[in-house]
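Novice:
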Amino acid sequence: MSPIVLGIETSCDETAVGIVNGRNLLANVISSSVEEHVRFGGVVPEVASRAHLESMQQVINQALLDAKIKISDVDAIAVTAGPGLIGALLVGVSSASGLALALNKPLYGVNHLNAHIAVDTLDSQEEFRPSIGLLVSGGHSSILQINNLVTDVIVKGSTIDDAAGEAFDKVARIMDLGFPGGPLIDQQSKSGNRDLINFPRGLTQGNEIEKHKFDFSFSGLKTAVARYLAQTPNHKKADVAASFQEAVVDVLISKSLLACKESGIDNLVIAGGVAANSRLRELARQRCENAKVRLRIPPASLCTDNGAMVAALGSLAIAQGIGPSAIGVSADSAAGVNQIIWA
Ligand code: KG4
Ligand code: ZN
Numbered sequence: 013m014s015p016i017v018l019g020i021e022t023s024c025d026e027t028a029v030g031i032v033n034g035r036n037l038l039a040n041v042i043s044s045s046v047e048e049h050v051r052f053g054g055v056v057p058e059v060a061s062r063a064h065l066e067s068m069q070q071v072i073n074q075a076l077l078d079a080k081i082k083i084s085d086v087d088a089i090a091v092t093a094g095p096g097l098i099g100a101l102l103v104g105v106s107s108a109s110g111l112a113l114a115l116n117k118p119l120y121g122v123n124h125l126n127a128h129i130a131v132d133t134l135d136s137q138e139e140f141r142p143s144i145g146l147l148v149s150g151g152h153s154s155i156l157q158i159n160n161l162v163t164d165v166i167v168k169g170s171t172i173d174d175a176a177g178e179a180f181d182k183v184a185r186i187m188d189l190g191f192p193g194g195p196l197i198d199q200q201s202k203s204g205n206r207d208l209i210n211f212p213r214g215l216t217q218g219n220e221i222e223k224h225k226f227d228f229s230f231s232g233l234k235t236a237v238a239r240y241l242a243q244t245p246n247h248k249k250a251d252v253a254a255s256f257q258e259a260v261v262d263v264l265i266s267k268s269l270l271a272c273k274e275s276g277i278d279n280l281v282i283a284g285g286v287a288a289n290s291r292l293r294e295l296a297r298q299r300c301e302n303a304k305v306r307l308r309i310p311p312a313s314l315c316t317d318n319g320a321m322v323a324a325l326g327s328l329a330i331a332q333g334i335g336p337s338a339i340g341v342s343a344d345s346a347a348g349v350n351q352i353i354w355a
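Position one of the sequence shown corresponds to residue 13 (this note's numbering), numbered consecutively onward.
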């Protein structure tokens, strides 16, 4: 029988709990403190930690109700142990340890980044195939070679400055669109002309591509947008948003497909908050079809931070016979994708 795994996510501003039974999603409850951070234009770590503490119990209870199970039905607890805001992570890790101790069930400390990818296995009958992974969130942007979701992930390249989501958030700020910027730029872009402004595609030209074949750079793009806004008083926001978005999405997909071609792996999985972007999803579908690469992207609602992804990775670890983490497992704010399940 497949285990029931309850996953807790608190690495940033979402207090989230997901419940899975094997690879079936039973519940996915998210309480966000984003409203409390809007006036600061970014997430304030101490405000986020306090909000996690305040909503944790209620979010767990709601998830149990949605899944129609009792807490005693849970077979294992999974929790994001890194990377993320340390105070925020510690609330999740402490809550999960307490639950695991009280229920006398195994605890799995899991990596948030790998969990973004693992969520793609939910409600799917297919076996995971070795894939190139494009992981794009607010704090990370990397191209990965994923041989095994739980044991073998290799970084092929990463951003050398801003993450893709961070670029969306910063450009939205300089355009006075609000926070978080990704969904707002996505929305604005729908009525804009994405071909109007040819914004720079970082690390795609000349000898830069030699040295940084699978790396990204978005800070020059952000500066180019700021310069364009200052020099073009009569600009239409929608056109700037759409042209900026096109530049980001173009580079992300081009480099991912190059990684597929070079490695001979014809599977691409795109994950993380930016994978919710409608243009990224559309262009990836078109270009993967042309390149005969099989594309997987989780539903948009499971791309941004959630607890289901944490439960999904915990469940995969159990299915592969990986032992649990120690109770009192520690959080690591700077964990890399190679640290998938904590010892
Ligand atoms: O994965 P995530 O929810 O949190 C982190 O682990 O960082 O990613 C959040 C990031 C934010 O930068 C947000 O602006 C971006 O994902 N994002 C989007 C969209 N929805 C969220 N970026 C572009 N288009 C979207 N629709
Ligand atoms: Zn995330």
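Idealized CB from N, CA, C, for every residue including glycine.
Under 6 Å Cβ to Cβ from A90, same chain only, skipping five residues before and after it: list those, please.
Specialist: Hits under 6 Å: V17, G19, Y120, V122, V322, A323, G326.
Novice: For the ligand KG4, I want to know if N302 counts as a neighbour, meaning its beta carbon is within less than 8 Å of at least one of the ligand's heavy atoms.
Specialist: False, no ligand heavy atom lies under 8 Å from that Cβ.
Novice: Would you mind sorting S337 into buried or exposed? The rule is 16 or more other CB atoms within 10 Å of its CB.
Specialist: Buried, because 16 or more other Cβ atoms sit within 10 Å of the Cβ of S337.
Novice: Can you say whether L77 is buried or exposed, counting buried as having 16 or more other CB atoms within 10 angstroms of its CB?
Specialist: It counts as exposed.
Novice: Less than 6 Å between C-beta atoms, sequence neighbours within five positions excluded: which residues of the same chain meet that for I158?
Specialist: The answer, listed in chain order, is S143, G145, V165.
Novice: For S313, is the classification buried or exposed, using 16 other Cβ atoms within 10 angstroms of its Cβ as the cut-off for buried?
Specialist: Result: exposed.
Novice: Give me the DSSP bridge partner(s) of I144.
Specialist: Paired residues: Q157, L280.
Novice: So which residues touch the region around the ligand ZN, with touch meaning a C-beta under 5 Å from any heavy atom?
Specialist: This selection yields S149, D317.
Novice: Please determine whether the Cβ atom of I98 lies at a distance below 8 Å from any heavy atom of the ligand KG4.
Specialist: Because no heavy atom of the ligand KG4 lies under 8 Å away, the Cβ of I98 does not count as near it: no.
Novice: Inspect the beta-carbon positions of V56 and P192 and report whether they are closer than 9 Å.
Specialist: Cβ atoms of V56 and P192: not closer than 9 Å.
Novice: Considering only their Cβ atoms, is the gap separating L134 from L280 smaller than 9 Å?
Specialist: No, they are not a contact pair.
Novice: Leaving out five residues on either side along the sequence, give the residues of the same chain with a beta carbon under 6 Å from the beta carbon of D132.
Specialist: These residues qualify, in order along the chain: V281, R308, P310.
Novice: For N73, which of L111, V341, N302, A175 has the nearest alpha-carbon?
Specialist: Of L111, V341, N302, A175, the residue nearest in Cα terms is L111.
Novice: Report, in whole angstroms, the separation of the C-beta atoms of A75 and A39, which I expect to be a contact under 8 Å.
Specialist: Confirmed, about 4 Å.
Novice: What span of residues does the alpha helix (DSSP H) with V71 cover, start to end?
Specialist: That run of the alpha helix (DSSP H) goes 57-79.
Novice: Thinking C-beta only, is G284 closer than 9 Å to I147?
Specialist: Per the sequence shown, residue 147 should be read as Leu rather than Ile. In this structure, G284 lies closer than 9 Å to L147 by Cβ.
Novice: Where do the ends of the alpha helix (DSSP H) carrying V237 lie?
Specialist: Looking at the DSSP string, the run of the alpha helix (DSSP H) that includes V237 is 231-243.
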